[in-house]
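2 protein chains.
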Amino acid sequence: MNEHVVDDFITALQGATTVEGARDLFTKTLQQLEVGHYAYLGLRFRGSGPRGRPFFITTYPQPWVEHYDGNNYLQIDPVMLEAPSRSTPMHWGTREHRKTVTPRQKKFLNEAAEMGLCQGSAIPIHAAGGEFGLVSVAIDATPRQFTALMRAHQHQLHLLSLYYHAHVAENFISNESPKVSVTSRERECLLWSALGKSSWDISEILNISEATVNFHMQNAMRKLEVYSRPHAIVKAVMMGIINP
Amino acid sequence: MNEHVVDDFITALQGATTVEGARDLFTKTLQQLEVGHYAYLGLRFRGSGPRGRPFFITTYPQPWVEHYDGNNYLQIDPVMLEAPSRSTPMHWGTREHRKTVTPRQKKFLNEAAEMGLCQGSAIPIHAAGGEFGLVSVAIDATPRQFTALMRAHQHQLHLLSLYYHAHVAENFISNESPKVSVTSRERECLLWSALGKSSWDISEILNISEATVNFHMQNAMRKLEVYSRPHAIVKAVMMGIINP
DNA sequence: CGGCAACCTATCAGTTCTGCTAGCACCCTA
DNA sequence: TAGGGTGCTAGCAGAACTGATAGGTTGCCG
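Set out below in structure tokens:
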């Protein structure tokens, strides 16, 4: 029945030139898979720099969203805490999952269940450049029905989420890095510094004077528009200039 | 026919307790999808530290592997150069792909084709903790056959690759981080330092003395077993202690 | 060939960080 | 309630880094 859901989605996504268009397409496609509510959270987009605004879309009930925000549940929500460190989807709210959470988190899950968010699947999305997104779908059904639904659609949900995130990141997030061009010497100095070497250490490694190392670091910092080594290195890593 | 290939693979993977067992399972499963040759490259595993050994498995023809290594083709191979910055699979060696490569790369692709590696699909795998893996499958067939095969199995290849990498990373790579426990103050200092703040800046932000900031940074460095701020911050980011 | 630009090399004064030491507040437990 | 452990606060000497300045090398182009 849903043989070509994913392919159709990918094709249609090419024509989605606005955030709203892509969102509606994603929502509609998930409805085809009998998903009641979902939340998409796009974090750490490439080029958006540190602490860039998250990209947030949800069809969760408004009262729940407000309750969630009001109680600072981001710090408690077991999905938000566990999913980022996973590479594959996880189920939440199930009998099995509840065994692994703290009492406070259990209370949180109970509150969610009262709003119809009984259980669901959370799909972590790790993309190029350290990007991270999260799709959490909620299924208001019996455990038995949930299991059957997941068996049928888990992989499709997974793929849809991956392609949706990739499309959002590529088209709707300003990810233009002002193409910093560091020289090879500068890159070497950044890398060794990131690995814990001091200027003197690096001067020995590269067979140049310590003062020269400092000069290269300085130029690298100027190009990266920062004023300390730690910041330069973090930025260089974020921009993919060095891979420690 | 191949309805449950992915689910069967995931189930069987649970029982694969050795590298060889998982490899053979992956190979066998890909053969079911009519994939002639594949290469799996696991890079940047979490916890394996900077410059960890890559994890490499391939069924490519031995002569090609040697030719590849001998000519340092890692620096030329358009797949190796492009895939890491992509979030979704790409096709290589196709008429369309050849339009986007340099003359040297075209020569490279021609040499590959002579060995039966005419075209294929490359699946980038971004996982938790900045892990990266790459699965490249080669299909020795006409462009028409290739298109049909991809239409039928692309998504399955994608999912198989994701789960295979996750399993390898979790079970066969020593990813035990000695559970460094930094305090909240230490984490705050690390984070602000990563964002370019000096000790004095941070002391103003946190309303404590500069000496105290230095003390916290020092404890963080001791716990992380490093001897400079740049290194501490890089390690903290790698270990997921801070998210700049 | 001369001029130019980009990069590497080097030096120095002033600022910041590293390593060490020590007191105080809090929580837990005996 | 006393003791031990943990974490936060703070000061100081010596080492490392920041920022500005300047000469030397290489390769490109008119």
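Residue numbers (the UniProt record's numbering), protein chains in the order written: chain Z, 1 to 244; chain H, 1 to 244.
Note that the Cβ used here is the ideal one computed from N, Cα and C, for glycine as well.
| Asked | Found |
| --- | --- |
| Cβ-based contacts, 7 Å cut-off: residues of the segment 177 to 198 of chain H near chain Z | Ser-193, Ala-194, Leu-195, Gly-196, Ser-198 |
| Start-to-end residues for the alpha helix (DSSP H) that takes in H:Ile-10 | 5 to 14 |
| Through-space distance from Z:Glu-66 to Z:Asn-72, alpha-carbon basis | 10 Å |
| DSSP three-state assignment for H:Ser-136, whether helix, strand or coil | strand |
| Inter-stretch contact (C-beta, 8 Å, three-pair minimum) for the segment 35 to 44 of chain H and the segment 136 to 149 of chain H | yes |
| Neighbour list for Z:Val-6 in chain H, Cβ cutoff strictly below 8 Å | His-155 |
| Inter-stretch contact (C-beta, 8 Å, three-pair minimum) for the segment 189 to 198 of chain Z and the segment 232 to 244 of chain Z | yes |
| Bridge partner(s) assigned by DSSP for Z:Met-90 | Z:Ala-122 |
| Contact with chain H by Z:Ala-127, beta-carbon distance below 8 Å | yes |
| Z:Ile-241 CB to nearest heavy atom of the ligand HEM below 7 Å | As presented, the structure is devoid of all ligands, the ligand HEM included, so that no description of it is given. |
| Extent of the continuous alpha helix (DSSP H) run through H:Ile-233 | 229 to 238 |
| C-alpha distance - H:Asn-207 paired with H:Pro-103, whole-angstrom precision | 59 Å |
| Inter-stretch contact at 8 Å, needing at least 3 Cβ pairs: the segment 4 to 19 of chain Z / the segment 157 to 167 of chain Z | yes |
| C-alpha gap between Z:Met-239 and Z:Ile-57, whole angstroms | 26 Å |
| Near-chain H residues of the segment 223 to 243 of chain Z (beta-carbon distance less than 9 Å), N- to C-terminal order | Val-226, Tyr-227, Ser-228, Arg-229, Pro-230, His-231, Ala-232, Ile-233, Val-234, Lys-235, Val-237, Met-238, Gly-240, Asn-243 |
| Cβ contact check for the segment 139 to 152 of chain Z and the segment 117 to 130 of chain Z: 3 or more pairs under 8 Å | yes |
| Rounded C-alpha distance that separates H:Val-79 from H:Ile-125 | 13 Å |
| Short CB-CB distance (under 8 Å) between Z:Phe-26 and chain H | no |
| Spatial neighbours of H:Leu-224 in its chain, beta-carbon cut-off 7 Å, leaving aside the 5 residues before and after | Val-180, Ala-232, Lys-235, Ala-236 |
| Contact set between the segment 64 to 89 of chain H and chain Z, restricted to residues whose Cβ is under 8 Å from the partner | Pro-84, Ser-85, Arg-86, Ser-87, Thr-88 |
| Own chain, CB closer than 8 Å to H:Pro-54, minus 5 neighbours either side, in chain order | Leu-41, Gly-42, Leu-43 |
| Residues near H:Ala-16 in its chain [Cβ-Cβ closer than 6 Å; skip 5 each side] | Ala-22, Leu-25 |
| Chain-order list of residues whose beta-carbon lies under 6 Å from that of Z:Ala-152 (same chain, five-residue window excluded) | none |
| C-beta neighbour in chain H for Z:Tyr-164, strict 8 Å | no |
| Residue span of the beta strand (DSSP E) that contains H:Phe-56, given as start and end | 55 to 58 |
| Selected residue, minimal CA-CA separation from Z:Thr-100, among Z:Ser-87, Z:Leu-81, Z:Thr-88, Z:Glu-114 | Z:Leu-81 |
| Test item: CB-CB of H:Gln-105 and H:Ile-76 under 8 Å | yes |
| Residue-chain proximity (Z:Leu-159, chain H), Cβ-Cβ < 8 Å | yes |
| Any chain H beta carbon closer than 8 Å to Z:Gly-130 | yes |
| Nearest-angstrom beta carbon gap, H:Ser-87 and Z:Ala-127 [assumed within contact, 8 Å] | 4 Å |
| Any C-beta of chain Z under 8 Å from that of H:Phe-124 | As written in the sequence, residue 124 of chain H is Pro, which differs from the Phe given in the question. At least one chain Z Cβ lies under 8 Å of H:Pro-124. |
| Beta bridge counterpart(s) of H:His-37 as assigned by DSSP | H:Ala-138 |
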